[in-house]
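**Student:** Structure provided below as structure tokens; questions to follow.
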Amino acid sequence: MISEKIMSQGGDNFYELLRQRAEIQRKIDALQREKPNAKFDDVPKTELGPLSDMMGMLSVRELENARKTNKSNNNAARRLLPMWIGVAPANADPDAALPAHIKPSLREALEAFYRFRLSHPSRIFEIRLEDNEQYATGWESGPSWHRVRKKIGGGDYRGLELDSRDRWKGLRIVTPEVDVMYGEGSRYSVVVREGVTSIGEHAFHNCTGLTSVTFPEGLSSIGNHAFYKCRGLTSVTFPEGLTRIGEGAFYECSGLTSVTFPEGLTSIGNKAFSGCTRLTSVTFPEGLTSIGEHAFYYCTGLTSVTFPEGLTSIGESAFSRCIGLTSVDLSQTSMTSIGDYAFIECTGLTSVTFPKGLTSIGEAVFLECSGLTLVTFPDRLTSIGGSAFLNCRGLTSVTFPEGLTSIGESAFHTCTGLTSVTFPEGLTNIGANAFNKCTGLTSVTFPEGLTSIGGYAFYECSGLTSVTFPEGLTSIGQAAFSNCTGLTSVTFPEGLTRIGRDAFRNCSGLTSVTFPEGLTSITYSAFEGCSGLTSVTFPEGLTRIGESAFYGCSGLTLVTFPEGLTRIGDYAFFQCSGLTSVTFPKGLTRIGRGAFRKCDGLTSVTFPEGLTSIGERAFRKCTRLTSVTFREGSTSIGMNAFEGCTGLTLVRLSRNTRVDIDAFASNVRLEYEDEDEDEDEDEDEDEDEDEDMGTGGNKRLFEDLPMPGDYDEGAAASAKRRRMRLWKKNLRQMRLEGADKYGALRL
């Protein structure tokens, strides 16, 4: 679109603006003849006319029409400036030419081309002039550089650069730094003249026909994206004076097979050779100190790399997905750390040798290097980053140096070939998932200095048979040894204070557990599904057993709780079908929902005096339970707490016991103990006076109450259930009014 500012400057003044532009152009040409290296900055900017503000270059007639109609004809502009991006766009006319008033000079053609608002950034275009000469140029979405690439048809040409960063003040025309020579046809080579010291950014961006480049000896720098996607380029030899290769300089030059670096090179920029899939080998010069991020990313043909002594850093993902790389020898380098993801998914890599001074390995450095079989760590190594060797399935053994203090999260996750691990004495922390799913691991020896094991650290290490923890260990994380089905014995240290949720869940081979004295609680599902567990010894300081802690431990036969235990969580011993005896401590106050549900081996239970709550379904379907004894104290028995306990016939309750609906089966006889013998005597007298009622002297309270004996044998089962619920509801209400002291009631 043409801005209002431009249109207001058109009309009668338009031809005057063209005249001003021509006058400025003559001054530029004269200056360049006198001083070949002069810049356009030497021409006063005040001499620039407002014509330079034009956003589209149309014919004079079309510009005047646009001024009158207050809109521009973009389609007309596209026809006047045909452009190609490999294949011509649908709206391009290959036979069209620039309007007659534009002279067939490259400079004016480029100015016209630039002012047109392109919708295809970062591509190569062609401009066809009236004399049928063609020039290739590039475009970068502004603010950026706009350059002449070559003259199609041979010969040499001094290129131009147009800078759009200051477009409201006009185009800045800069004399070129490089003379280039091109061959005939669609494939061509470039010879950069002597004296050139740098190649600018995007200089040969996307020149797919470029096959070779010859650089002068004085060249010191190659700019960012200078040869970006030059897919026809096959080899590059850099001059000795080159010190810097910029970011993305040879990005996706997929035809490149060999590169020779000069001795003076000190740095290779980010993504410099990323995607050069045919590059097979690289030898770096001794002076190289840094390799940038993604510098050789996805160079799938790369098989060998020689690293120099002076190298200090390898950037993030520098050699990621180089699947042809077989070995990496960093032993001669000066590196102290390796960047994150540096060699990720190098599936062909079999061995790595680290430098002596290496202190840290970054995150996911060798992730998915499935062919890696041998790793030797240097003595100075102190930390291994998260996921550093994740899924290195070929790794069979690892020996850690004495100075190692930390192993990161998922560092050796799914290293299924790993059979043994020896940890150094200085190790203090093993991160979450560090050895998760290392199914081949059979033995682990922990050092004395270890204080914590992270969550899922040895999850599903099904080959692990025994574990001995060091005395200094204080914490075992969530699911740290969950699904270690081969684990048969565990010895906990005295200083252990925390066992995380699901820590030993589904360790079906575990037979016995002895907890240390300092342990105060066992968390959620810590030993759930340990079906082989037969005995558990709890410490005296234990106060709480968490939810589902021993859920499904069907082999457990005997449990003795410590005196300090106050709470047993929901479903804590659910489906412990082998449990035959339970002794509760005096301090116990709460038994959670379903805590001993389906413990059908349990025959008798005695509850302590201080117990205040038995949760819903706590002993449901304990089919062999025949005796339940409650001590004095205020107790609440939840809904269905003893439902399905078919062997239970008599339950003696204390006076203050609160019984919820359907707490017991309908055949259970409930007896409430009296407060003293005097009440028993009063009860006997009342029975003598009212023996005609047959209700133990409770005529007033029971005369309107439907009794179980009132049921008609032929009544529907559903009606019976409704009347029974009404009976229990009325009984509960009477107990609240004091009716429970009138003797035994049989339901």
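Residues in the sequence shown are numbered from 103 upward in steps of one, following this note's numbering.
Built from N, CA and C at the ideal position, the CB exists for glycine as well.
(1) List the whole-angstrom C-beta distance separating residue 631 from residue 598, where the pair is believed to meet the contact cut-off of C-beta under 8 Å.
(2) Using the Cβ count rule (16 or more neighbours within 10 Å means buried), how would you classify residue 470?
(3) Please work out which residues of its chain come closer than 8 Å, Cβ to Cβ, to residue 622, disregarding the five sequence neighbours upstream and downstream, and give them in chain order.
(4) Taking C-alpha atoms, which residue in 333, 420, 426, 773 lies nearest to residue 355?
(5) Excluding five sequence neighbours on each side, which residues of the same chain lie with their C-beta closer than 8 Å to the C-beta of residue 612?
(6) What residue range does the beta strand (DSSP E) around residue 431 cover?
(7) Check the C-beta distance from residue 429 over to residue 460 and give it rounded, since I have them as a contact under 8 Å.
(8) Under the rule that 16 or more other beta-carbon atoms within 10 Å means buried, what is residue 585, buried or exposed?
(9) Quick one: what's got a C-beta closer than 8 Å to residue 512's C-beta in the same chain, skipping five residues either side?
(10) Do residue 729 and residue 706 come within 8 Å of each other at the CB atom, strictly closer than that value?
(11) Express the C-alpha separation of residue 677 and residue 658 in angstroms, rounding to a whole number.
(12) Classify residue 568: buried if its beta carbon has 16 or more other beta carbons within 10 angstroms, exposed otherwise.
(13) Counting only the same chain and skipping the five closest in sequence on each side, list residues whose C-beta sits under 8 Å from that of residue 447.
(14) Mapping the DSSP letters down to three states, classify residue 531 as helix, strand or coil.
(15) Straight-line CA distance for residue 348 to residue 324?
(16) Out of 541, 464, 457, 524, which one is the CA nearest neighbour of residue 496?
(17) Residue 568 by DSSP, collapsed to three states: which one?
(18) What is the residue span of the beta strand (DSSP E) that residue 709 lies within?
(19) Starting from residue 774, trace the beta strand (DSSP E) both ways and give me its first and last residue.
(20) Residues in its own chain within less than 8 Å of residue 402 by CB, not counting five upstream and five downstream?
(21) Residues in its own chain within less than 7 Å of residue 718 by CB, not counting five upstream and five downstream?
(22) Provide the residue span of the beta strand (DSSP E) that contains residue 754, from first to last.
(23) Determine the closest residue to residue 559 out of 572, 602, 648, 299, with distance taken between C-alpha atoms.
(24) Kindly indicate the opening and closing residues of the beta strand (DSSP E) around residue 730.
(25) Going along the chain, which residues of its own chain have a beta-carbon closer than 6 Å to the beta-carbon of residue 648, five neighbours each way excluded?
(26) Are the beta-carbon atoms belonging to residue 394 and residue 366 less than 8 Å from one another?
(27) Quick one: residues in its chain with C-beta nearer than 8 Å to the C-beta of residue 343, no 5 flanking neighbours on either side, listed in chain order?
(28) What are the complete alpha helix (DSSP H) segments, minimum 4 residues, inside the stretch 433–467?
(29) Assuming the contact rule is C-beta atoms closer than 8 Å, residue 551 and residue 530 should be a hit. Round their C-beta distance to whole Å, please.
(30) Taking the alpha-carbon positions, what's the residue 756 to residue 697 distance?
(31) Give the DSSP-derived three-state secondary structure of residue 763 in the structure shown.
(32) Might you give, ordered along the chain, the residues of its own chain that have their beta carbon closer than 8 Å to the beta carbon of residue 368, omitting 5 neighbours on each side?
(33) Please tell me whether residue 726 and residue 746 are closer than 8 Å, where the distance is taken between their beta carbons.
(34) For the beta strand (DSSP E) that residue 523 lies in, which residues bound it at each end?
(35) Name the DSSP bridge partner or partners of residue 660?
**Tutor:** On the basis of the data shown:
(1) Walking along the sequence shown from the start, residue 631 turns up at place 529. Walking along the sequence shown from the start, residue 598 turns up at place 496. Rounded to whole angstroms, the Cβ separation of residue 631 and residue 598 is 21 Å, and the two are not in contact under 8 Å.
(2) In the sequence shown, residue 470 corresponds to position 368, counting from 1. By the neighbour-count definition (other C-beta atoms within 10 Å, threshold 16), residue 470 is a buried residue.
(3) On the sequence shown, position 520 is the one that residue 622 refers to. If you ignore the 5 residues before and after residue 622, its C-beta comes within less than 8 Å of the C-beta of 599, 643, 644, 645, 646, all in its own chain and listed in chain order.
(4) As a working mapping, residue 355 is identified with position 253 in the sequence shown. Put simply, of 333, 420, 426, 773 the residue whose alpha carbon is nearest the alpha carbon of residue 355 is 333.
(5) Counting from 1 along the sequence shown, the entry for residue 612 is found at position 510. Result list for residue 612: 589, 590, 591, 592, 606, 629, 632, 634, 635, in chain order.
(6) Translated into positions along the sequence shown, residue 431 becomes position 329. Annotation for residue 431: the continuous beta strand (DSSP E) segment containing it runs 429–431.
(7) In the sequence shown, counting from the first residue as 1, residue 429 sits at position 327. In the sequence shown, counting from the first residue as 1, residue 460 sits at position 358. With a Cβ gap of about 17 Å, residue 429 and residue 460 do not count as contacting.
(8) Within the sequence shown, the letter at position 483 stands for residue 585. It is buried - the Cβ of residue 585 has at least 16 other Cβ atoms within 10 Å.
(9) Here the question's residue 512 lines up with position 410 in the sequence shown. Close CB contacts of residue 512 within its chain, under the 8 Å cut and outside five residues either way in sequence, are with 488, 489, 492, 533, 534, 535, 536, 538 (chain order).
(10) Taking the sequence shown and counting its residues from 1, the one referred to as residue 706 is at position 604. Taking the sequence shown and counting its residues from 1, the one referred to as residue 729 is at position 627. Using a Cβ distance threshold of 8 Å, residue 706 and residue 729 count as a contacting pair.
(11) For this step, residue 658 is matched to residue 556 along the sequence shown. For this step, residue 677 is matched to residue 575 along the sequence shown. Cα atoms of residue 658 and residue 677: separation of roughly 10 Å, rounded to the nearest angstrom.
(12) Along the sequence shown, one-based indexing puts residue 568 at 466. Exposed: under 16 other Cβ atoms inside 10 Å.
(13) By 1-based counting over the sequence shown, the position of residue 447 is 345. 422, 423, 425, 469, 470, 471.
(14) Start at 1 with the first residue of the sequence shown, and residue 531 comes out as number 429. Residue 531 falls in the strand class under three-state DSSP.
(15) To locate residue 348, count along the sequence shown from 1; it is residue 246. To locate residue 324, count along the sequence shown from 1; it is residue 222. Each residue's Cα considered, the two are about 6 Å apart.
(16) Mapped onto the sequence shown, residue 496 falls at position 394. For the residues 541, 464, 457, 524, the minimum Cα distance to residue 496 belongs to 541.
(17) Your numbering for residue 568 matches position 466 in the sequence shown. DSSP, read as helix, strand or coil, puts residue 568 in strand.
(18) Taking the first residue of the sequence shown as 1, we reach residue 709 at position 607. Bounds of the beta strand (DSSP E) holding residue 709 are 706–709.
(19) One-based indexing of the sequence shown puts residue 774 at position 672. For residue 774, the enclosing beta strand (DSSP E) covers residues 771–774.
(20) As a position in the sequence shown, residue 402 is number 300, starting the count at 1. For residue 402, same chain residues with a beta-carbon under 8 Å away, outside a window of 5 residues either side, are 379, 423, 424, 425, 426 in chain order.
(21) Here residue 718 is taken as the residue at index 616 of the sequence shown, counted from 1. Residues of the same chain with a CB within less than 7 Å of the CB of residue 718, apart from the 5 flanking positions on each side, are 695, 740, 741, 742, 743 in chain order.
(22) Within the sequence shown, residue 754 is the residue found at index 652, counting from 1. Segment 752–755, the beta strand (DSSP E) holding residue 754.
(23) Locating residue 559 in the sequence shown gives position 457, counting from the first residue. The candidate whose alpha carbon is nearest that of residue 559 is 602.
(24) Translated into the one-based positions of the sequence shown, residue 730 becomes position 628. For residue 730, the enclosing beta strand (DSSP E) stretches over residues 729–732.
(25) Stepping through the sequence shown from its first residue, residue 648 is reached at position 546. Sequence-distant partners of residue 648 (beyond 5 residues in either direction) whose C-beta falls short of 6 Å from its own C-beta, in its chain, are 624, 625, 626, 671.
(26) For the purposes of this step, residue 394 is identified with residue 292 of the sequence shown, where counting begins at 1. For the purposes of this step, residue 366 is identified with residue 264 of the sequence shown, where counting begins at 1. Cβ distance not < 8 Å, so residue 394 and residue 366 don't count as in contact.
(27) Residue 343 sits at position 241 when you count from the first residue of the sequence shown. Once the five neighbours on either side are set aside, the close Cβ partners of residue 343 are 319, 320, 321, 322, 364, 366.
(28) Counting whole runs of 4 or more residues, the stretch 433–467 contains no alpha helix (DSSP H) stretch at all.
(29) Stepping through the sequence shown from its first residue, residue 551 is reached at position 449. Stepping through the sequence shown from its first residue, residue 530 is reached at position 428. Yes, they are in contact, since the Cβ atoms of residue 551 and residue 530 sit about 6 Å apart, within 8 Å.
(30) As a working mapping, residue 756 is identified with position 654 in the sequence shown. As a working mapping, residue 697 is identified with position 595 in the sequence shown. So the two alpha carbons sit approximately 22 Å from each other.
(31) The sequence position of residue 763 within the sequence shown is 661, counting from 1. DSSP places residue 763 in coil when its eight states are reduced to three.
(32) Against the sequence shown, residue 368 aligns to sequence position 266. 345, 346, 389, 390, 391, 392, listed in sequence order.
(33) For the purposes of this step, residue 726 is taken as residue 624 along the sequence shown, with counting starting at 1. For the purposes of this step, residue 746 is taken as residue 644 along the sequence shown, with counting starting at 1. Going by C-beta atoms, residue 726 is not nearer than 8 Å to residue 746.
(34) What you label residue 523 is simply residue 421 of the sequence shown in a count that begins at 1. Run containing residue 523: 522–524, per the beta strand (DSSP E) assignment.
(35) Counting from 1 along the sequence shown, the entry for residue 660 is found at position 558. Assignment of beta-bridge partners to residue 660 by DSSP yields 637, 683.
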